[in-house]
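Participant: What follows is a structure written as structure tokens; I'll ask about it next.
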């Protein structure tokens, strides 16, 4: 491919700049007369087949029926400009074609189906990846946007597309350069809005990917639009002594080149452009005036070999005195984006300071082209599976680091950082494809993400070549390989949350579905074994769980056992319900029961002290039932237990009604005592639209009401996009409960709040 001389970094086509101190911007090709398309294509592509492909594509674009002739001309000019930016970046023919097709798609001239049908799957996929880059715009929306979730999902898809094919990023950056140039004569508001977005988001992205050729232009033009007065002032000072500076640099370069040649160091010395944005940033960062800068005069030494870098450094320091505090060795300690060079500042002839960069040719290519430097596709080799795994790891790290550079702040950006960069992990399949999983996902979650059958047949897993347990939580950048058997054989233990085999509800539902499809008798037997084992741990037997059948809307005990064995009903739900709400009823001591009933034969009296007053019975032990947790103000009645006194229930308690049907003689009237001042535990359920920050908002309400939260649990329904939050609160009266329920219902997204 044709590349521009690298002596001064990348310079715009058609502009000769000896020193390159000013930003050089290419004007768009709006005059198509006398334009030789074939000659222009040949200027950028040496390969005849590639040149022919690009020529045919542009001719097809020219022939497209477009109503607005001016818009069509501008579209063609923009396409040529994109190619002029991308070709010197060493991009392959598919990238150049996709850049043109993306412009057509963006302008509404072609749609996805037409691109796929006319240009094939590879180009259609690459264009689609560029389109996903539009999600970056979500980072600039209102902080109060209600569309955060879809936008975050789009950004996540964009991130995956960026890692899968970094060419999409390069195309998008080139498109931003074109747009930045195009708004030169637009109104100030348009220029400033675009410049702010590019300075905050796209320029840092180009920097992280190491594409210096695009980075400097994005930075300089954005700076010119955002700070026109400062820009012009620096440009004026640069231009004021330009001739003297050029003469000085020419002499300096000649002297240094002669010395390197005489010492047999294979290297070339060039004058180096200084960009206005970098000058301003250094002035601001070091609180310096323009005349105090060391690096307005700058040269670059490009060597053939690594050892020559340090040989050249020795020559430089031998010729001139260097300033130690300005020395940096980024060859031994590269920057996070991969940048490598030796930086030194010397006091040269006439006592003038000169900044010198020393790097190899390979380092120079990396600095100017970044990730594009190694993107050497051959025809038909654009399948992402052929992209090096280590390269993808490198790109992934750079892109994840990019979020640290995003200057915009606000709720949505914080949410993006959390849900896209911090609360997600990005791992690789053995073929190099990227998989996006929630933070904390295990290798089993990964297996079920790939396919249900991969999960069902999983018998082992490797992470970066080493065997790991099923509970291993994957981390970003790891390569996961799943070992499978011939037949599916998932384990019911995988559904046990306490064992940590899976994290995602997606994995759980797939495992549950598999067990549900198995033989009912096997599920009943498995469910019985599981339930008996867990009940025994809390001192209960399986018959004690019979009352749970109706609670979970089932018809028979076998139905419940089958649901447990098949994974449709969580074992811990049944056990907890049985343990906390169903107490084993033993035969009553008839004498005690008769005595209580006799004394409780008249209407209750109000008590002046105590928690509750039982009809005519003094000093009788009582307690608040845990199943319905009544509070003062509720209608209540008592149930005589064995050994635990009177259990006080709400009159609408379903649990005690069931017990009363079996033992009506145990009922006794009770009323609240007047002076009771203790707290009561109340269970509350909140149903809301699932969103980030819901739990925080609910607990803020409770804190404002000075309500103690004794316990909290939450669950999400992926299909309905709702969340259920169950709270156990300590309250002192019914009025407080009504007030809290009312305020909880006012929280954004809450559908219903009620007492259980």
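In UniProt numbering, the protein residues as written are 1 to 756.
Ideal Cβ placement from N, Cα and C applies to all residues, glycine included.
Any idea if residue 333 is buried or exposed, counting beta-carbon neighbours within 10 angstroms, 16 or more meaning buried?
Facilitator: exposed
Participant: Along the alpha helix (DSSP H) that carries residue 317, what are the first and last residues, could you check?
Facilitator: 306-319
Participant: Around the Cβ of residue 546, are there at least 16 other Cβ atoms within 10 angstroms (buried) or fewer (exposed)?
Facilitator: exposed
Participant: Pick out the complete beta strand (DSSP E) segments inside the UniProt domain "ACT" (683-756), 3 residues or longer, and give them in chain order.
Facilitator: 708-717, 722-731, 750-755
Participant: Here's the rule I'm using: 16 or more other beta-carbon atoms within 10 Å means buried, otherwise exposed. How should residue 566 be labelled?
Facilitator: buried
Participant: Under 7 Å, do residue 265 and residue 311 count as touching if we go by C-beta distance?
Facilitator: yes
Participant: Would you kindly check if the distance between the Cβ of residue 179 and the Cβ of residue 206 is under 7 Å?
Facilitator: Contact flag unset, no.
Participant: Can you list the beta strand (DSSP E) stretches of 3 or more residues lying completely in the region 644-677, in chain order?
Facilitator: For secondary structure counted as the beta strand (DSSP E) over 3 or more consecutive residues, the region 644-677 holds these complete runs in sequence order: 646-650, 670-672.
Participant: Quick one: what does DSSP say residue 226 is sitting in, helix, strand or coil?
Facilitator: helix
Participant: Sorted by chain position, which residues of the same chain lie with C-beta nearer than 7 Å to residue 441's C-beta, five sequence neighbours on each side aside?
Facilitator: 425, 473, 474, 503, 504
Participant: To the nearest angstrom, how far is it from the Cα of residue 638 to the Cα of residue 625?
Facilitator: 9 Å
Participant: For residue 296, report the span of its alpha helix (DSSP H) as first-last.
Facilitator: Unbroken run through residue 296: none, as it is neither H nor E.
Participant: Go ahead and label residue 456 buried or exposed: buried means 16 or more other beta carbons lie within 10 angstroms of its beta carbon, across all protein chains shown.
Facilitator: buried
Participant: What is the residue span of the beta strand (DSSP E) that residue 462 lies within?
Facilitator: It spans 458-463 - the beta strand (DSSP E) in which residue 462 sits, taken as one unbroken run.
Participant: Tell me whether the region 221-231 and the region 265-285 touch, counting them as touching only if at least three CB pairs, one residue from each stretch, are closer than 8 Å.
Facilitator: yes
Participant: Name the DSSP beta bridge partners of residue 436, please?
Facilitator: 426
Participant: Using three-state DSSP, classify residue 637 as helix, strand or coil.
Facilitator: strand
Participant: Tell me which same chain residues have a C-beta within less than 6 Å of the C-beta of residue 217, skipping the five on either side of it?
Facilitator: 177
Participant: Start and end of the beta strand (DSSP E) containing residue 357?
Facilitator: Element bounds for residue 357: 353-360.
Participant: Can the beta-carbon of residue 481 be found closer than 7 Å to that of residue 510?
Facilitator: no
Participant: Sorted by chain position, which residues of the same chain lie with C-beta nearer than 8 Å to residue 219's C-beta, five sequence neighbours on each side aside?
Facilitator: 199, 203, 275, 277, 278
Participant: With a CB to CB cut of under 7 Å and the five nearest residues on each side skipped, what residues in its chain are close to residue 658?
Facilitator: 547
Participant: Please report how far the alpha carbon of residue 770 lies from the alpha carbon of residue 102, in whole angstroms.
Facilitator: No information on residue 770 is available, as it lies outside the stretch 1 to 756 that the chain covers here.
Participant: Since residue 632 sits in a beta bridge, which residues does DSSP pair it with?
Facilitator: 634
Participant: With respect to the beta strand (DSSP E) encompassing residue 466, which residues constitute its N-terminal and C-terminal limits?
Facilitator: 466-468
Participant: Run the CB neighbour count on residue 243, radius 10 Å, all protein chains shown included, and call it buried at 16 or more, exposed below.
Facilitator: exposed
Participant: Where does the unbroken alpha helix (DSSP H) through residue 274 begin, and where does it stop?
Facilitator: Residue 274 -> no alpha helix (DSSP H), and no H or E assigned at all.
Participant: Taking the alpha carbon of residue 181 as the reference point, which residue from 124, 82, 121 has its own alpha carbon closest?
Facilitator: 82
Participant: Would DSSP call residue 624 helix, strand or coil?
Facilitator: strand
Participant: Comparing alpha-carbon positions, which option in 710, 708, 684, 714 lies nearest residue 693?
Facilitator: 714
Participant: On the CB-based measure, 16 or more other CB atoms within 10 Å of its CB, does residue 341 come out buried or exposed?
Facilitator: buried
Participant: Going by the CB atoms, is the gap between residue 683 and residue 635 shorter than 7 Å?
Facilitator: no
Participant: Run through the DSSP bridge pairs and tell me what residue 251 is partnered with.
Facilitator: According to DSSP, which records beta bridges pairwise, residue 251 is partnered with nothing at all.
Participant: What number of angstroms, rounded off, separates the C-alpha of residue 245 from the C-alpha of residue 256?
Facilitator: 16 Å
Participant: In the DSSP assignment, what are the bridge partners of residue 528?
Facilitator: DSSP output for residue 528 lists no bridge partner at all.
Participant: Grouping DSSP H, G and I as helix and E and B as strand, with all else coil, what is residue 186?
Facilitator: coil
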